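Quick mapping for you: the protein sequence lines, in order, are chains L and Z. Be aware that the first sequence starts at 1, since it is given in the numbering used here, and climbs by one per residue. Be aware that the second sequence starts at 1, since it is given in the numbering used here, and climbs by one per residue. Beta carbons are placed, not taken as given, at the ideal position from N, Cα and C, and that holds for glycine. These numbers were taken from a predicted model, which means no experiment stands behind them.
Protein chains: 2
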Amino acid sequence: MAQSTLAILGAIAALTPSITAAKIIDNNASPPNISTLFNGSIFYTWRPRSHILPPSGQIGDPCMHYTDPVTGLFHVGYLHQGAAGATTDDLVTFKDVGKDPTFIRAEGINDPIAVFDGSVIPYGINGTPTLLYTSVSFLPIQWTIPYIKGSETQSLAVAHDGGANFTKLKEGPVIPGPPFPVTNVTGLRDPYVFQNPTLDAAANSTNGTWYAAISGGIHGEGPSQFLFRQYDADFRDWEYLGQWWHEQANSSWGDGSWAGRWGFNFEVGNVFALNTEGYSAEGEIFTTLGAEWSEVPIIPQVSQFREMLWSAGNITTSSNGSVHFVPSMAGKLDWGQWAYAAAGKLLPANSSASKASGVDHDRFISYLWLTNDNFGTDAFPVVAQGWNSVLTTTRELAQGIISDVVDNDLVNETASWRVGSRNSAAGTVELVTLKQTIGQEVRAAFISNATRTFTQSGRNISTTAPGYGNTSATALDFQQSPMSRFFLMTASISFPPSARNSSDLKAGFQILSSEYESTTVYYQFANESLIVDRSNSSAAATTTPGLPSNNEGGRLRLFDIAGSDSGNSSAIETLNLTIVVDNSVVEIFANDRFVLSTWIWSWYDQSTEISFYHEGSQAVAFGNVTVYEGLVDAWPERMY
Amino acid sequence: MAQSTLAILGAIAALTPSITAAKIIDNNASPPNISTLFNGSIFYTWRPRSHILPPSGQIGDPCMHYTDPVTGLFHVGYLHQGAAGATTDDLVTFKDVGKDPTFIRAEGINDPIAVFDGSVIPYGINGTPTLLYTSVSFLPIQWTIPYIKGSETQSLAVAHDGGANFTKLKEGPVIPGPPFPVTNVTGLRDPYVFQNPTLDAAANSTNGTWYAAISGGIHGEGPSQFLFRQYDADFRDWEYLGQWWHEQANSSWGDGSWAGRWGFNFEVGNVFALNTEGYSAEGEIFTTLGAEWSEVPIIPQVSQFREMLWSAGNITTSSNGSVHFVPSMAGKLDWGQWAYAAAGKLLPANSSASKASGVDHDRFISYLWLTNDNFGTDAFPVVAQGWNSVLTTTRELAQGIISDVVDNDLVNETASWRVGSRNSAAGTVELVTLKQTIGQEVRAAFISNATRTFTQSGRNISTTAPGYGNTSATALDFQQSPMSRFFLMTASISFPPSARNSSDLKAGFQILSSEYESTTVYYQFANESLIVDRSNSSAAATTTPGLPSNNEGGRLRLFDIAGSDSGNSSAIETLNLTIVVDNSVVEIFANDRFVLSTWIWSWYDQSTEISFYHEGSQAVAFGNVTVYEGLVDAWPERMY
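1. Tell me, to the nearest whole angstrom, how far the beta carbon of S50 (chain L) is from that of L368 (chain L); I am working on the premise that it is less than 8 Å.
2. Taking only beta carbons into account, state which residues of the segment 174-193 of chain Z come closer than 8 Å to chain L, listed in chain order.
3. In chain order, what residues of the same chain have a beta carbon less than 6 Å from the beta carbon of Q230 (chain L), not counting five sequence neighbours either side?
4. Between N129 (chain Z) and D68 (chain Z), which are expected to be in contact by the criterion C-beta below 8 Å, what is the C-beta distance as a whole number of angstroms?
5. So which residues of chain L does S137 (chain Z) contact, with C-beta pairs closer than 7 Å?
6. Could you check which residue in Z:L547, Z:V432 and Z:V442 has the C-alpha nearest to that of F559 (chain Z)?
7. Return the residue from the list L:H324, L:P31, L:D592 and L:V174 that minimises the CA-CA distance to I401 (chain L).
8. By DSSP, does N470 (chain L) sit in helix, in strand, or in coil?
9. Comparing C-alpha positions only, which one of Z:N265, Z:S538, Z:N501 and Z:D334 sits nearest to N527 (chain Z)?
10. Starting from the beta carbon of E643 (chain L), find every residue of chain Z whose beta carbon is closer than 8 Å, and list them in chain order.
11. Kindly indicate which three-state DSSP category A11 (chain Z) falls into: helix, strand or coil?
12. So what does A491 (chain L) bridge to, in DSSP terms?
13. What did DSSP end up calling R638 (chain Z) once you bin it into helix, strand or coil?
14. Interface residues of chain Z around R236 (chain L) at Cβ under 8 Å?
15. Can you pull the chain L residues whose beta carbon is under 9 Å from the beta carbon of P112 (chain Z), in chain order?
16. Run through DSSP, which three-state label would G269 (chain Z) get?
17. Y231 (chain Z) versus chain L: which residues are under 9 Å apart at the beta carbon?
18. Can you pull the DSSP bridge partners for A621 (chain Z)?
19. Looking at the structure shown, is K149 (chain Z) part of a helix, part of a strand, or coil, going by DSSP?
20. Kindly confirm or deny that the segment 81-97 of chain L and the segment 136-151 of chain L touch, where touching means at least three C-beta pairs closer than 8 Å.
21. Restricting to Cα atoms, I'd like to know which of L:G344, L:E430, L:T371 and L:A415 is closest to T394 (chain L).
22. Which residues share a DSSP beta bridge with K345 (chain Z)?
23. Would you report the Cα separation of L37 (chain L) and A384 (chain L), rounded to the nearest angstrom?
24. What number of angstroms, rounded off, separates the C-alpha of A291 (chain Z) from the C-alpha of R306 (chain Z)?
25. Express the C-alpha separation of F226 (chain Z) and W244 (chain Z) in angstroms, rounding to a whole number.
26. How far does the beta strand (DSSP E) with K642 (chain Z) in it extend, from its first residue to its last?
27. For F495 (chain Z) and V581 (chain Z), which I take to be in contact (beta-carbon distance under 8 Å), what is that distance rounded to the nearest angstrom?
28. Consult DSSP for I113 (chain L) and reduce its assignment to one of helix, strand or coil.
29. What is the DSSP secondary structure of D605 (chain L), reduced to helix, strand or coil?
30. Run through DSSP, which three-state label would K168 (chain Z) get?
31. In the DSSP output, what is S570 (chain Z) paired with across the bridge?
32. Nearest by alpha-carbon distance to S322 (chain L): which of L:L199, L:V182 and L:S251 is it?
33. Can you name, in chain order, every residue of its own chain whose Cβ lies under 8 Å from the Cβ of V620 (chain Z), other than the five neighbours on each side?
34. Can you name, in chain order, every residue of its own chain whose Cβ lies under 7 Å from the Cβ of N265 (chain Z), other than the five neighbours on each side?
35. Taking C-alpha atoms, which residue in Z:V532, Z:V92 and Z:Q480 lies nearest to S448 (chain Z)?
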C-alpha cells in the first residue's frame, strides 16, 4: 500500500480509531517506518485485548484503586489526563467510570501543574472514598536536580458520582511538604494510605489508624519512605513519624543480584501485610517500591534506571519511640525494564469480584505500568499507535512458601527470600518469599473463555549443539500453534541435577515466531536467569525507531527440593512457566515468584508459532504444555 | 446643583478625577446624600494632601516597607490591588514606584486569591530586597470561623526594577502552614521579619539571624505570635521556634484600661528594639500588634473590635530552650477606632532621608491604616469619593522616658508604662513607655512649608458653667483661624493640682468649626481621657450613611511631676497637644505617648475655625498655641 494512501486513511483513523485503521496496515508485507504514519494508523496493530488502558492516549502509573464500600466494585485507577479509572465486578472485565474516564484533573489551587499518584481511603470523609494524592505546583521534579520547595504536596479529594469524579477539598494540602528540617528532598510523592495493627502497636497509635507512606529521599543521603499518621477523623492533619525507612544512597540489598539497587530516590511505595492466602492485617509487612538511580556521572534530569522492587521486613521501635521498617528480604516485583510504578490495594473478601468468584479471604492485588516508550524517552511511534502503554494483568500478591528446600548454600544469601524455618533433622528449610500470580479470576477466565485450547505433548530433549535452538528445526515445532497473538500458555521444564553446573544449558520456548520473526524465552543455569531474547522479535524494529530489540532478563533461582524419601535424594525445582501473550504485551510468570513483563512488537500476522527451545549439553524434560487461545475482551462496553 | 447635573459631571469625574469633580460639589450649601453621587464626585472633598494613599481606589494595611540598600530610598508599602508602594528621600514627599504603584499582585500559584501583609529583608536573596508575605489560597479567613487549612501560607518575592515589581519565587511557600500539631489556628499571617541580637543570644542563633514573627492564634486558646527562624542563606526554610508569645483568649493587660484586650487573634505583629533615640538593636524589645475580639455571642465572620496595641517586654528562655516574649507594659498605639494594622520598619541612619535631614541614628518609623469605612463594614460613600482610606502620618517610635514623676499611686499600675528607676530619696520614679511622635522631617516640613503661621495668645480660663464650652461664645474664639482644613496645630494645657479630683473639668479646643459644624477635642480628668466629640462634626453625616458621629477617645494619664525644689511641690504634667488636620484626616498627638487618629468629614468650606474649649469648676491655662497652615503636598509628581 502506498504511503500516500496510508496517510489519508491514517488521518481518518485518528479521528475515529476503528477497524478501518487496522485494515489499512498490511501485516503480511514488510513494515514501513511506523513513525511516519498518521495518527492512529496502527491503533489496533499491537493493542492488547485483556489489559487495562484508556480508550485512547497515554496511560501512566496505576494508582488510586479502591473497593467502593457501597457498591463493592473494585476501582482501578491510573494516571491519564490527571487520573482516570474503571470499575470491575470480576477483575476480568472493566467499565470506564465515565464516558470520559478521568475523575480528577490538574489545574486546581493545590495542583495547578499536575496530579501525581495517590491512594484512596475507601471509607473516608463522611464515609466516602477519599483520595490522598500528590498535588503538583512546580516542575521540573527529579532526584537528579535540586528540589523545588513546595513542588509536591499531598491533598485530598472526595468521590462523587460513584467515583466518576473526585472533588478536591476547598483547603490547602493536608501534607504541605516534608517537615523541617527535612527540606532538601529528592522527592516527596505518591502517598500510600494503609492501616496496620502491627504498626499501631509499634507506634502507640489508636487501633485502625490510617498511615501514609510517602516516597522520596534526601539529597546526599539516599532514598526514604516518609511515614505520616492520621491525626483527625477528616484526615486534615497528618503527624510526621519520620523516615521509617531509609537506605544509603545508591546502596543495594546484598550484592544487588536479587533486588537491584535502592538507588537515590524511592517512588510509588506501597505498604501492606500478607499471609499465604493474600492480604492479612496481621501478616508479614511487605512493601513494593520503585527505585531511581543512574550510573555516574549523573546527568541532570536523566534517571537512567528505574527498579520495581518489593521488600518484606519487620517493624521496630527505637528507644525514642520512632518506628522503623527493617527489610528481611527484597526482590524485583517485575524484571521487565519497562515495568514500573506498581500500585496495589487490599481487595476485601466482600468485594463484588471476590463474592462472585467465591474467594472468601482478603487479597492484595497490584498493577504495574508497562511503558511503551521507555518512560517517555524513546522514539516509540505513539502518535501512529494512538495509545501509549498499558497496565499489567491483575496480579495477586501473597506470602510465598517454598517447602522442603535442601538446606545448602543456595538458600543462604541476602536475597529475595528468607529462611522461614529450618528442619535440621531433614536437612531442609522452608523459604519465605513474595508470591505473585495472575489474578485467579483472570486466569480462570482466560482458560474458560478460550476459543481454542490445545495441549502440546511433553518432550525430553537431550544434548543439542550450540545454536541448535535458534534453528528453525521443524522437529522442535509445536504440533499446534496459536492462530493469533492472544493466548495464555503454561508449561513446565525439569532439569537434571547436573544442569546446575552447566555452562551452556538454555531451555525454553520460541514464541510469536514465523519465518520473519521469533522471540525466545529461556532459562539459563549459568546465570540463573530467565531471558527473553527479542533480537529477532519484530521486523518493524528495523524500520522504526523506538522498538528496542535488546534482551530482557531476570534472575530466578531453582532450588534443590528434598525428595519424599527423607531427603536422601533431591531434585532441582521444576520451572513452571505461565506466559500471557496479549498481542504486544508479553508477561512471563515463573514458579509463582518471578515475573517479567515486556513488549514484543510482532509485525507479521503469521508470527504466532511456538516451538521448544533447547541448547547445551544437558537434557531437559518439557511437560504440561497447554495453550488457551483467545483471552477475554476486558472492555465489553467500549466502542473500540 | 441638580442631582442630574451632578450625575453627569460625576461620571466624567470618575474617568479622570480632576479639579472639575471637586468644583461641582457646592460646599457652601447643605450636603446631598453623597452615596447617591456618581463615581469620584467628591474625589477632592475630603482627600488629604500630606498623607500616603494610592492615586485612587482603596488602600489597605501598610506593610512591606524597606530602605533599598542600593538607593537609600525608603519604600513605603501598602495593600492595594495586591501591594503597592512609594519611595521617599525625605519622609515628606513620595513617589509611586511605578505609574501603576502595585508591585505585587495575587493570582500566582501560591497566592491565587490574595496577597496579604508581608515584610522585607532589605539585603535578601542575592543582596536584593526580598519580601516574605502571606500568600492566600482560600477564603474566608477569620478568627470567628474554623480555619481553612492552607488558606494562609508565607511566600517569597524578590524586588526587580528598583522595587517597581516584586517577582515571586518559582517555588512553594517557604512557610506552608503552622507546624503540626498547631493546626487549628485562628490566623497565621503578616510575617514580620527582623533581626535582634538579644533574641540571637536567647535562642542560641548565629548573630544576624533573621526571624519572622507571624501573627495569629489558636482556636479555644487565644492569640499568639508564632516565631520562625531563618534556616538558610536564601530564606527557603524557616525553623519553627514556637509560640513565643501567647495570651489567654480574650484576656487583657491588667484591667484593660490602658491596652484594651488581647482578644482572640493577633494580626500585623511587628517586633523591634528601641532606645530613647529610636531603633537600637540592643534596645528594649517592643512589638506593635492588632488584636481582634468580639463580645459574646460571637457572630461568625464578624470581628466586632480591633485594637491597635503595642507592648514592650523581655525575652526569656525556658528550660527546654524555647524563647518567650514576656510583656512588661502594653498600650494603644492609636486610640482611634478606625486606626489599625500598623506596620513599621527600621529606617537606618544611612537612608537618604536621614542623611538629608542630618539624623545620625537609626529610627523606627511606623504607619497605620486609617479605614474610611470601618474595615469595609460601613456604608461610607467610597464610590462617590473614588478613594478609600489612608495611612497615618509618618510616625517615629522610641523608648519614652517620663522623668521626675512623683512616686504615688498613679504610677503603680499594670499599664502602658513601667517604672524604669526609683529615686527613693526624691520620692520620684522615672517611667518608661513608648514614645510616639510625628516624623521629625514631616513636622519640620509642615512648619517650614506653612503658607500661613499664626500664634494664638495663651489664656487662663477659670470656672465655667456646664455646657459653656459648647456655646459659640465668641469670647473663646481664636484671634485667627485657618482658612483651610490643612494645618498643624500645637498647644499646651496646664491644670492645677485640684483638677485631679474634678468631676466636671473638660478643656481643649473646638476645631473645624462654623455655624454648621464643629469638632471638640478635649481632655477630661474624670476618666483621664482625651475625647474627640464628633457629634456635630459633619453636616453630611445627617444626609449620608456611613459617616459616624460617635465620639472617639483614649486614655491618657497626666502624672504628678516633682518640682525642682527637691520634690516638695509637684505639678500635674502639662498636656502638650499636636494636632494634624489634613482635610478629613485628624491626628491628635499628646505628650509624645498618646495618639488618636480619626476622620472629621467637615462639609462646609467655612468649617475651619478654632476656639478654646472649657467646661467645669477648675481653671486651666492654655499656652503655646501655634497653627501652621498649608502642610505639604506629599505627591508632587502625581497628576492628581
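Let me lay it out:
1. The Cβ separation is near 15 Å, so there is no contact.
2. V174, P176, G177, P179, F180, P181 and T183
3. T209 and W210
4. First, the amino acid is wrong: residue 129 (chain Z) is Pro here, not Asn. So it is a contact: roughly 6 Å between Cβ atoms.
5. I109 and G172
6. Z:V432
7. L:D592
8. Any answer about N470 (chain L) is weak, because its pLDDT of 49 lies below 50 and its placement is not dependable; what the coordinates show is given next. If DSSP states are grouped into helix, strand and coil, N470 (chain L) belongs with the helices.
9. Z:N501
10. Coverage of chain L is limited to positions 1 through 640, which leaves residue 643 (chain L) absent and any answer about it impossible.
11. Since pLDDT at A11 (chain Z) reaches only 37, below the 50 mark, its modelled position is unreliable, and no value is offered.
12. L:L577
13. coil
14. K149 and T183
15. I109 and P112
16. strand
17. F180, P181 and T183
18. Z:N460 and Z:S494
19. coil
20. no
21. L:G344
22. Z:I365
23. 6 Å
24. 5 Å
25. 6 Å
26. There is simply no residue 642 (chain Z) to check, as chain Z begins at 1 and stops at 640 in what is shown.
27. That belief does not hold up - the Cβ atoms of F495 (chain Z) and V581 (chain Z) are roughly 24 Å apart, past 8 Å.
28. coil
29. coil
30. strand
31. Z:A562
32. L:L199
33. N460, I461, I493, S494, F495, P496, A499, L505, A507 and H614
34. W143, T186, G187, G216, G217, P223 and E292
35. Z:V92
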